[in-house]
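The structure appears below as C-alpha cells.
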Amino acid sequence: MNKELLKRWVEALRSGKYKQGALYLCQYDEDGNAVAFCCLGVLQNIEPRIKGDDWGDELLDEDSLKEFLGVNGKDRFIQSRYAGWNDEEMPFPEIADRLEKEWLNNEEDKA
Numbered sequence: 282m283n284k285e286l287l288k289r290w291v292e293a294l295r296s297g298k299y300k301q302g303a304l305y306l307c308q309y310d311e312d313g314n315a316v317a318f319c320c321l322g323v324l325q326n327i328e329p330r331i332k333g334d335d336w337g338d339e340l341l342d343e344d345s346l347k348e349f350l351g352v353n354g355k356d357r358f359i360q361s362r363y364a365g366w367n368d369e370e371m372p373f374p375e376i377a378d379r380l381e382k383e384w385l386n387n388e389e390d391k392a
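Each residue of the sequence shown is one higher than the last, beginning at 282 in my numbering.
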C-alpha cells in the first residue's frame, strides 16, 4: 500500500480545504470552478494521474486507482464503500479516520 499517498489523502480530507459533495467525484459551478468533492474526488485532486472511470459511474478507474494506491491482490480496498460513506454524508474527517485505521495503523503492515 502506498502509505505516502494515503497520508496525503487523509491530510487533505481533514484540511477543511475541500467542500464535501455527493454523487460526483467533483462538482463544478457554471464557470468551471470545482466547488464540491466526493472523498474519491479529493484523492483524484491530490493525485491527478489517477483516472476517472469511463463508464460515468463517478468512481475512479480501478486499475489506475490500484496502481497509485499500491493495492495488490491481498488488499481489499473497495472504492464503492468509500463512495457510499461519502454519499451517505459521513464527514470527511470520519472517512479519514477509517482510512487511517484500516490502512495506516494496520498492525500487519507494521511488521
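Built from N, CA and C at the ideal position, the CB exists for glycine as well.
State the beta-bridge partners of residue i as determined by DSSP.
i, result
"Q301", "F318"
"Y363", "The partner list for Y363 (beta bridge, DSSP) is empty, contrary to what the question assumes."
"Q308", "A317"
In angstroms with no decimal places, state the Cα-to-Cα distance between residue i and residue j.
i, j, result
"A293", "N353", "24 angstroms"
"N326", "G313", "15 angstroms"
"Q308", "V323", "11 angstroms"
"R295", "F373", "6 angstroms"
"K288", "E311", "32 angstroms"
"I359", "E369", "16 angstroms"
"I331", "K382", "23 angstroms"
Give the range of the alpha helix (DSSP H) segment to which residue i is assigned.
i, result
"W384", "Premise fails: W384 is in no alpha helix (DSSP H) and is neither H nor E."
"D378", "F373 to L380"
With a threshold of 7 angstroms (Cβ to nearest heavy atom), would residue i be considered close to the ligand GTP?
i, result
"N283", "Absent from the structure shown: the ligand GTP. Ligands present: none."
Under three-state DSSP, which class holds residue i?
i, result
"N294", "For the sequence presented, residue 294 should be read as Leu rather than Asn. If DSSP states are grouped into helix, strand and coil, L294 belongs with the helices."
"L341", "strand"
"N283", "coil"
Is the beta carbon of residue i sitting closer than 8 angstroms to the one on residue j?
i, j, result
"L385", "L286", "no"
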